[in-house]
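Undergrad: Would you mind keeping the following structure in view while I ask a few things?
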Amino acid sequence: MSTFLEPWQLRAAFARSLSDMYGTEVPAYTTLLDVSHEVNADFVARHGADAERLGSIARVTAERHGAIRVGTPTEMAQVARVFGAMGMRPVGFYDLRDASSSSVPVISTAFRPVDRDELARNPFRVFTSMLVTADRRFFTADLERRLESFLAARTLFGPELLALADRAEAEGGLPEEQATEFLRLATEAFELSREPVDQAWYRELEAVSAVAADIGGIASTHINHLTPRVLDIDDLYARMEARGITMIDAIQGPPRWEGPDVLLRQTSFRALAEPRTFRTPDGEIVRDALRVRFGEVEARGIALTREGRAAYDAAVVEIDEAAAAARADDPGFTEERRQEIARSVWARTFPTTEAALAEQGLGWFTYEADSATGTVRREPIVYEDFLPRSAAGIFQSNLTSDGAKDATQEATDRDADWMAGALGRDLDDPFDLYADQVDRSLAAAAETLGVDPATLTTTTGAMR
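Residue numbers (my numbering): 38 to 501.
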């Protein structure tokens with residue numbers, strides 16, 4: 038009898054297939070994986086069971102997030118169908134257009150599993166960005182017209198792949214033979230094309246934005262990075278540099294400090310110069326290189342509530358303003374000095390214990406009852422999503438130039454509702470997903486103990 042692969046099995050197999058493919062295309066990615074495994078093993082050896090406070094080592098080791106870029110709402114809707122086959126739903130809306138000083142003319146969502154058990158099985162997620170070709174800050178009317186024409190003429194996802202994706206989503210999986218074909222086609226869709234690139238067209242877009250050129254300057258798409266999760270990102274950064282691999286200047290996101298890890302910290306090795314062939318205006322095929330793909334790595338912390346996220350956003354502004362003032366007074370201002378400022382602000386913003394983070398309503402936690410002792414164990418919820426500022430910072434740090442942005446023009450409105458309409462499916466709100474996890478856990482714990490769920494969040498003596 039043929040094996041039937043459920044969406045989570047398709048998702049896990051696809052993550053492995055992409056990782057194998059990307060490691061072949063970008064050998065430094067394999068080095069990144071090796072160092073990640075070393076760091077995680079050493080962290081577990083030092084910290085024991087506490088190392089798995091935010092996920093089992095098996096989950097952390099298998100965990101990946103990918104990043105892809107497309108050009109049009111049609112392509113975005115097709116991506117949603119492919120990932121929908123793997124039990125991945127669009128979660129959150131990210132506008133990177135104003136999240137960076139560089140020209141990054143994209144909006145994004147993340148496709149991922151949303152159910153707690155599905156996340157535990159395989160938490161693969163893909164940060165997916167789309168060009169906003171109508172935004173006059175980046176594209177003139179003439180360039181928009183020519184870019185839209187170019188994008189409309191290409192096919193990123195073939196009809197066979199989309200048909201299999203639709204079948205998998207409708208039927209809750211695929212038989213083994215069809216699953217194998219689906220995985221092959223899906224992986225091929227994200228391989229780096231070896232077709233010659235139109236040199237003049239690519240360079241015209243690159244003058245606006247390297248990201249725009251990467252999306253709209255070629256007739257295909259590809260994985261821009263495939264990110265492993267690490268338990269100590271500062272240790273990984275140092276080990277990668279020790280191996281002679283050039284990292285970006287800083288770790289994006291919250292600073293390293295003595296309190297609970299929250300949200301997401303990210304860094305990467307710099308985009309590599311990858312050989313590509315170009316077709317010149319006179320038809321000659323020449324060799325050159327593009328820097329569009331890089332090796333990102335992440336460390337995930339506790340998900341923050343809306344109040345916690347507001348505190349984080351305010352802290353980021355305060356850090357930036359304080360760092361800018363310090364830089365103006367000191368020509369020798371360093372990243373180390375910026376981190377000192379960040380830790381100082383952080384210490385005034387967030388408590389140093391998980392218990393206080395929960396009691397102040399800043400972090401999300403689930404609750405599990407022990408009927409034998411009548412106690413409730415509090416467990417942190419891992420942040421499964423992304424930070425637009427950090428994502429833009431990673432993009433920016435790997436660009437060869439800032440590009441061009443006409444601030445005198447008005448931005449084109451894009452929001453979560455617009456993205457949901459483009460996808461043809463609902464966009465989940467990350468905060469609602471975390472709140473639902475909490476509510477379900479409280480209801481289950483309360484039922485076990487025979488008490489009102491509300492008492493479990495206020496009777497701290499029942500917590501441990």
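Cβ atoms here follow ideal geometry from the backbone N, Cα and C, with glycine treated the same way.
Just to check my reading of the structure: Phe402 and Pro388 have Cβ atoms closer than 8 Å, yes? What is that Cβ distance to the nearest angstrom?
TA: In the sequence shown, counting from the first residue as 1, residue 402 sits at position 365. In the sequence shown, counting from the first residue as 1, residue 388 sits at position 351. Rounded, the Cβ-Cβ distance is 13 Å, inconsistent with contact.
Undergrad: Alpha carbon to alpha carbon, how far is Ser73 from Arg266? Give it in angstroms, no decimals.
TA: Here residue 266 corresponds to residue number 229 of the sequence shown, with the count starting at 1. Here residue 73 corresponds to residue number 36 of the sequence shown, with the count starting at 1. Distance between the alpha carbons of Arg266 and Ser73 is about 7 Å.
Undergrad: Please report the Cβ distance between Thr507 and Ala406, rounded to the nearest whole angstrom; I am assuming they are in contact, meaning their Cβ atoms lie under 8 Å.
TA: Because residue 507 is not part of the residues shown, which for the chain are 38 to 501, the question remains open.
Undergrad: Can you give me the Cβ contacts of Ala202 inside the same chain, cut-off strictly under 6 Å, excluding the 5 residues immediately before and after it?
TA: Sequence index remark: in the sequence shown, residue 202 carries index 165 (1-based). Excluding sequence neighbours, Ala202 sits near Arg118, Val119, Ala122.
Undergrad: Taking the alpha carbon of Glu373 as the reference point, which residue from Arg346, Ala441, Asp286, Leu301 has its own alpha carbon closest?
TA: As a working note, residue 373 is residue 336 in the sequence shown. For the residues Arg346, Ala441, Asp286, Leu301, the minimum Cα distance to Glu373 belongs to Asp286.
Undergrad: Do you know how far the Cα of Leu69 is from the Cα of Val169?
TA: As a working note, residue 169 is residue 132 in the sequence shown. As a working note, residue 69 is residue 32 in the sequence shown. If I take the Cα positions, the gap works out to 32 Å.
Undergrad: Label Ile322 either buried or exposed according to how many other C-beta atoms from any shown protein chain fall within 10 Å of its C-beta, with 16 as the threshold for buried.
TA: One-based indexing of the sequence shown puts residue 322 at position 285. By the 10 Å Cβ count, Ile322 comes out exposed.
Undergrad: Counting C-beta neighbours from all protein chains within 10 Å, is the total for Ala82 16 or more, i.e. buried, or is it exposed?
TA: Stepping through the sequence shown from its first residue, residue 82 is reached at position 45. With fewer than 16 other Cβ atoms within 10 Å, it is exposed.
Undergrad: Just checking, does the segment 292-308 make contact with the segment 222-229 on the three C-beta pairs under 8 Å criterion?
TA: No, they do not touch.
Undergrad: Count Cβ pairs between the segment 184-199 and the segment 105-114 that sit closer than 8 Å; are there 3 or more?
TA: yes
Undergrad: Smallest Cα separation from Ala409: which of Ala482, Gly209, Leu268, Gln446?
TA: Here the question's residue 409 lines up with position 372 in the sequence shown. The residue with the shortest Cα to Cα distance from Ala409 is Ala482.
Undergrad: Could you give the residue range of the alpha helix (DSSP H) that holds Asp269?
TA: Position 232 of the sequence shown, counted from the start, is the residue given in the question as residue 269. Element bounds for Asp269: n/a, residue is neither H nor E.
Undergrad: If we count the other Cβ atoms within 10 Å of its Cβ and call it buried at 16 or more, is Val143 buried or exposed?
TA: Counting from one through the sequence shown, the residue named residue 143 turns up at place 106. Flag for Val143 reads buried.
Undergrad: Which same chain residues, not among the five before or five after Ser54, have their C-beta less than 6 Å away from its C-beta?
TA: One-based indexing of the sequence shown puts residue 54 at position 17. Closer than 6 Å at the Cβ level, and outside the excluded window around Ser54, lie Leu220, Thr224.
Undergrad: Select from Gly124, Ser39, Asp443, Ala52 the residue whose C-alpha is nearest the C-alpha of Glu551.
TA: Absent from the model: residue 551. The displayed extent of the chain is 38 to 501, so no value can be given.
Undergrad: What do you reckon, are the CB atoms on Arg337 and Tyr420 nearer than 7 Å?
TA: By 1-based counting over the sequence shown, the position of residue 337 is 300. By 1-based counting over the sequence shown, the position of residue 420 is 383. Yes.
Undergrad: Flag this pair as touching only if the segment 367-382 and the segment 440-459 have three or more C-beta atom pairs under 8 Å; answer yes or no.
TA: no
Undergrad: Which word fits Ala17, buried or exposed, when buried means at least 16 other C-beta atoms lie within 10 angstroms of its C-beta?
TA: Any property of residue 17 remains undetermined from this structure, which presents the chain solely from 38 to 501.
Undergrad: Pull up the distance between the alpha-carbon of His531 and that of Ala250, whole angstroms please.
TA: The structure shown does not extend to residue 531, since the chain spans only 38 to 501, so no value can be given for it.
Undergrad: Could you check what DSSP says for Ser408 in three-state terms: helix, strand or coil?
TA: Locating residue 408 in the sequence shown gives position 371, where the first residue counts as 1. Three-state DSSP puts Ser408 in coil, outside helix and strand.
Undergrad: Is it right to say Val354 is buried, meaning 16 or more other beta carbons lie within 10 angstroms of its own, or is it exposed?
TA: For this step, residue 354 is matched to residue 317 along the sequence shown. So Val354 ends up on the exposed side.
Undergrad: Less than 6 Å between C-beta atoms, sequence neighbours within five positions excluded: which residues of the same chain meet that for Ala360?
TA: Along the sequence shown, one-based indexing puts residue 360 at 323. The answer, listed in chain order, is Arg375, Ile378.
Undergrad: When we look at the beta-carbon of Arg324 and count the other beta-carbons within 10 Å, is it buried (16 or more) or exposed?
TA: For this step, residue 324 is matched to residue 287 along the sequence shown. By the 10 Å Cβ count, Arg324 comes out exposed.
Undergrad: Which two residues bound the contiguous alpha helix (DSSP H) that contains Asp350?
TA: Residue mapping note: residue 350 aligns to position 313 of the sequence shown, counting from 1. Going by DSSP, Asp350 is part of the alpha helix (DSSP H) stretching over 343-366.
Undergrad: Would Leu399 and Glu344 be called neighbours here (beta carbons separated by less than 7 Å)?
TA: Residue 399 sits at position 362 when you count from the first residue of the sequence shown. Residue 344 sits at position 307 when you count from the first residue of the sequence shown. Taking 7 Å as the Cβ cut-off, Leu399 and Glu344 qualify as a contacting pair.
Undergrad: Measure from the alpha carbon of Thr492 to the alpha carbon of each residue in Ala171, Glu396, Asp466, Ser230, then state which is nearest.
TA: Locating residue 492 in the sequence shown gives position 455, where the first residue counts as 1. Of the candidates Ala171, Glu396, Asp466, Ser230, the one whose C-alpha sits nearest the C-alpha of Thr492 is Glu396.
Undergrad: Taking the beta carbon of Thr264 as the centre, do at least 16 other beta carbons fall within 10 Å, making it buried, or is it exposed?
TA: Taking the sequence shown and counting its residues from 1, the one referred to as residue 264 is at position 227. With 16 or more Cβ atoms within 10 Å of its Cβ, Thr264 is classed as buried.
Undergrad: Assuming Tyr66 is part of the beta strand (DSSP E), what are its boundary residues?
TA: The residue labelled residue 66 in the question sits at position 29 within the sequence shown. Careful: Tyr66 lies outside any beta strand (DSSP E), inside the alpha helix (DSSP H) at 64-84.
Undergrad: Using the Cα positions of Tyr274 and Gly487, report the straight-line distance between them to the nearest angstrom.
TA: As a position in the sequence shown, residue 274 is number 237, starting the count at 1. As a position in the sequence shown, residue 487 is number 450, starting the count at 1. Those two C-alpha atoms are separated by around 48 Å.
Undergrad: Please return the same chain residues whose Cβ sits closer than 6 Å to the Cβ of Tyr239, not counting the five positions on each side in sequence.
TA: In the sequence shown, the residue the question calls residue 239 occupies position 202. Closer than 6 Å at Cβ, skipping near neighbours: Ala250, Gly254.
Undergrad: Express the C-alpha separation of Glu333 and Ala279 in angstroms, rounding to a whole number.
TA: The sequence position of residue 279 within the sequence shown is 242, counting from 1. The sequence position of residue 333 within the sequence shown is 296, counting from 1. Answer to the nearest angstrom: the Cα atoms are 17 Å apart.
Undergrad: Which residue wins for smallest C-alpha separation from Ala347, given the options Ala326, Glu391, Gln115, Leu424?
TA: Position 310 of the sequence shown holds residue 347. Ranking the options by Cα distance to Ala347, first place goes to Leu424.
Undergrad: Along the beta strand (DSSP E) that carries Gly103, what are the first and last residues, could you check?
TA: Counting from one through the sequence shown, the residue named residue 103 turns up at place 66. Unbroken beta strand (DSSP E) run through Gly103: 101-107.
Undergrad: Less than 8 Å between C-beta atoms, sequence neighbours within five positions excluded: which residues of the same chain meet that for Phe315?
TA: The sequence position of residue 315 within the sequence shown is 278, counting from 1. So the list reads Pro233, Val234, Asp235, Gln236, Tyr239, Ile322, Val323, Arg324, Asp325, once near-sequence residues are dropped.
Undergrad: Go ahead and label Gln115 buried or exposed: buried means 16 or more other beta carbons lie within 10 angstroms of its beta carbon, across all protein chains shown.
TA: As a position in the sequence shown, residue 115 is number 78, starting the count at 1. By the neighbour-count rule (16 or more Cβ atoms within 10 Å), Gln115 is buried.
Undergrad: Using the C-alpha atoms, what's the distance from Glu243 back to Arg293?
TA: Locating residue 293 in the sequence shown gives position 256, counting from the first residue. Locating residue 243 in the sequence shown gives position 206, counting from the first residue. So the two alpha carbons sit approximately 35 Å from each other.
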